[in-house]
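A.B. asks: Got a structure here, written out as structure tokens. Questions coming.
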Amino acid sequence: MALVGHGLVGLAMGGTVSASARNHRLTYIWPGIMMLLAYAVDLGEWFAIVLNPDLVDRRFFSHSPLLVAVFTVAVCIVLGVYCRLRRPWPFLIIAGVIFSHLLLDFHYVRLGVVEWYHGNNVKDYELSYSATFPAELCVYGGPLVWAVLLRASYMQGCSRVARIVSQVLVILSVAAAYSCQAMIWAPVYTVSVGHGLVLLRRHLDVRLLWNLVPLLPLFALGFTTWLAWERVEQGRLLARQGLDAEAVRVYETALNIPSRSGRLGVYMLMGYSYEKLGELSEAERMYQQALVLCSRPGWPETAMADFYVRHRGTPFYRPEQALAHFTRLLETDGTDADVQAYARERLRQLRKRGVIPKIVRHERRRVGGTSRSEVKPTNQGRVQGPKSKVQSPADF
Ligand SMILES: [Zn+2]
394 MALVGHGLVG LAMGGTVSAS ARNHRLTYIW PGIMMLLAYA VDLGEWFAIV
444 LNPDLVDRRF FSHSPLLVAV FTVAVCIVLG VYCRLRRPWP FLIIAGVIFS
494 HLLLDFHYVR LGVVEWYHGN NVKDYELSYS ATFPAELCVY GGPLVWAVLL
544 RASYMQGCSR VARIVSQVLV ILSVAAAYSC QAMIWAPVYT VSVGHGLVLL
594 RRHLDVRLLW NLVPLLPLFA LGFTTWLAWE RVEQGRLLAR QGLDAEAVRV
644 YETALNIPSR SGRLGVYMLM GYSYEKLGEL SEAERMYQQA LVLCSRPGWP
694 ETAMADFYVR HRGTPFYRPE QALAHFTRLL ETDGTDADVQ AYARERLRQL
744 RKRGVIPKIV RHERRRVGGT SRSEVKPTNQ GRVQGPKSKV QSPADF
């Protein structure tokens, strides 16, 4: 999820609806509700996970605009009746806040934001918190800063000078955002929001703390997600020290936490640890679990394929199945280019080493006319596959 982006956009959009447009209802709680609605999709999925843990990694809400539309209509009815909304634009803002979630979580939007901020060297699987957090703060914090400044400068009693300063700060914050440097945009944003809050000081009230109430589910969601993430990190540390039995136990506790953090990567890590412990049937089971959770062919499939060619002399040495997995990656539309390049390179290596039996190779040629070109090495230096036998799947 767009970790901070949802909240910033929700606040910025919610701030455009004045209290008078809401018949002065929800005055001290409106921004909190808008922030909550901005995360509604994630929260809906999280509550479903609490009830049924198997739903994790299935984005049944975020991938269903129809379900989101039904939810939006329900929220509009409740808020519309309670606030006696007469004009259409508060409804548009409510719908915009809820639907902004889908846009912000759209993979290419997230990737685009991170690429814009960090340059074009970011790979799909590098959408880590450390990369997305500053990028989202910069990109989605901008509209919030502008909303605060413009709102403050058009308040009654705002002097001309204060208004000009606000407008200058809007221009400066746009320029600061374009620098993509936290050292530049962070202070400019802070000064801008500070200026806006000074202008709005007469409207600031201790009762605004009520806004924290709608945010309580968000804090709970954030806490469980952090807890699960922390356990996984602990497990990885133990695995790195060679303590894989302990690592597996810690991974299991992470799986038992009802959080929004994906289970796919945890199953992969457990598979690697079981492999190192020599418990191959358990390792296979973990990789299969990861495959079940994977919505489209990707790195888990390469891990499964590599597993089947790693343990010669055991029942888990199945080059035919490895071939089938690599082939599926090459033949499925929409598979990540890096994954395909990796699969191609691995097939080339396996053929060179004679791991893929001749009869299978013959079968392969017969299956599709394109197979020859598919198993060719890329020679483009684009293979981004595992550098070691056991690849970290943290960013899948
Ligand atoms: Zn999200």
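Numbering (this note's numbering), first residue to last: 394 to 789. All residues carry an ideal CB built from backbone N, CA and C; glycine is no exception. Just so you know, these numbers come straight off a predicted model, no measurement behind them.
1) If you draw a straight line from the alpha carbon of residue 403 to that of residue 424, how long is it in whole angstroms?
2) Here's the rule: buried if 16 or more other CB atoms are within 10 angstroms of the residue's CB, otherwise exposed. What is residue 742?
3) So residue 606 packs on residue 422, CB below 8 angstroms; how close in whole Å?
4) Restricting to runs no shorter than 4 residues, where is the alpha helix (DSSP H) found entirely within the region 676–762?
5) So, for residue 663: in the same chain, excluding its five sequence neighbours on each side, which residues have a beta-carbon less than 7 angstroms away from its beta-carbon?
6) If you measure between the beta carbons of residue 677 and residue 719, is that distance less than 9 angstroms?
7) Helix or strand or just coil, what does DSSP make of residue 412?
8) Any heavy atom of ligand 1 inside 8 angstroms of the beta-carbon of residue 729?
9) For residue 410, count neighbouring Cβ atoms within 10 angstroms of its own Cβ and tell me buried if that reaches 16, exposed if not.
10) Tell me, to the nearest whole angstrom, how far the beta carbon of residue 683 is from that of residue 647; I am working on the premise that it is less than 8 angstroms.
11) Would you call the region 522–542 and the region 561–580 in contact, with 3 or more CB pairs under 8 angstroms?
12) Taking 8 angstroms as the cut-off, is the C-beta of residue 532 nearer than that to any heavy atom in ligand 1?
13) Between residue 464 and residue 414, which are expected to be in contact by the criterion C-beta below 8 angstroms, what is the C-beta distance as a whole number of angstroms?
14) Would you say the beta carbon of residue 456 is closer than 8 angstroms to some non-hydrogen atom of ligand 1?
15) Go ahead and pull the three-state DSSP assignment for residue 596.
16) Identify whether residue 550 lies in helix, strand or coil by the three-state DSSP scheme.
17) What is the DSSP secondary structure of residue 426, counted as helix, strand or coil?
18) Exposed or buried, residue 726, counting other C-beta atoms within 10 Å across all chains shown (16 or more means buried)?
19) DSSP on residue 672, reduced to helix/strand/coil?
20) In the structure shown, what three-state DSSP assignment does residue 766 receive?
21) On the criterion of 16 or more Cβ atoms from any shown chain inside 10 Å, does residue 618 qualify as buried, or is it exposed?
22) State the DSSP-derived secondary structure class of residue 417, mapped to helix, strand or coil.
23) Quick check: is any heavy atom of ligand 1 less than 8 angstroms from the C-beta of residue 474?
24) For ligand 1, any of its heavy atoms closer than 8 angstroms to the Cβ of residue 506?
25) Who are the near neighbours of residue 543 in its chain, counting only those whose CB is closer than 8 angstroms to its CB and skipping five residues on each side?
26) Given the structure, does residue 497 come close to ligand 1, in the sense that its CB is under 8 angstroms from one of the ligand's heavy atoms?
27) CB of residue 522 to nearest heavy atom of ligand 1: below 8 angstroms?
28) Measuring CB atoms only, is the region 584–602 touching the region 622–635, in the sense that at least three cross pairs come out at less than 8 angstroms?
29) Among residues of its own chain, excluding the 5 on either side of residue 405, which ones have a beta-carbon nearer than 7 angstroms to its beta-carbon?
30) What would DSSP say about residue 792, mapped onto helix, strand or coil?
31) Taking the alpha-carbon of residue 636 as reference, which of 667, 597, 614, 737 has the nearest alpha-carbon?
32) Anyone know if the C-beta pair for residue 685 and residue 715 falls short of 9 angstroms?
33) Is DSSP giving residue 650 helix, strand or coil here?
34) Could you give the first and the last residue of the continuous alpha helix (DSSP H) run that contains residue 456?
35) For a quick check, are the C-beta atoms of residue 487 and residue 427 less than 9 angstroms apart?
C.D. replies: Concretely, from the data shown:
1) 8 angstroms
2) exposed
3) 7 angstroms
4) Within the region 676–762, the runs of alpha helix (DSSP H) that reach at least 4 residues and sit entirely inside it are, in chain order, 692–700, 712–724, 730–745, 751–760.
5) 641, 644, 679
6) Between residue 677 and residue 719, the gap from beta carbon to beta carbon reaches 9 angstroms or more.
7) coil
8) no
9) buried
10) With 8 angstroms as the limit, residue 683 and residue 647 do not qualify as a contact, their Cβ atoms being about 14 angstroms apart.
11) yes
12) no
13) At roughly 22 angstroms, the Cβ-Cβ gap does not stay under 8 angstroms, so residue 464 and residue 414 are not in contact.
14) Not under cutoff, so the answer is no.
15) DSSP places residue 596 in helix when its eight states are reduced to three.
16) coil
17) In the three-state reduction of the DSSP assignment, residue 426 falls in the helix class.
18) Flag for residue 726 reads exposed.
19) coil
20) Note on residue 766: pLDDT 36, under 50, position unreliable in the model; the coordinate value appears next. Residue state, collapsed to three classes: helix.
21) Buried: at least 16 other Cβ atoms inside 10 Å.
22) In the structure shown, residue 417 falls within a coil segment according to DSSP collapsed to helix, strand and coil.
23) The answer is no for residue 474.
24) no
25) 559, 563
26) It does: the Cβ of residue 497 is within 8 angstroms (strictly closer) of some heavy atom of ligand 1.
27) no
28) no
29) 536, 537, 540
30) A question about residue 792 goes unanswered here, because the residues of the chain that appear run from 394 up to 789.
31) 667
32) no
33) coil
34) No alpha helix (DSSP H) contains residue 456, which DSSP labels as neither H nor E.
35) yes
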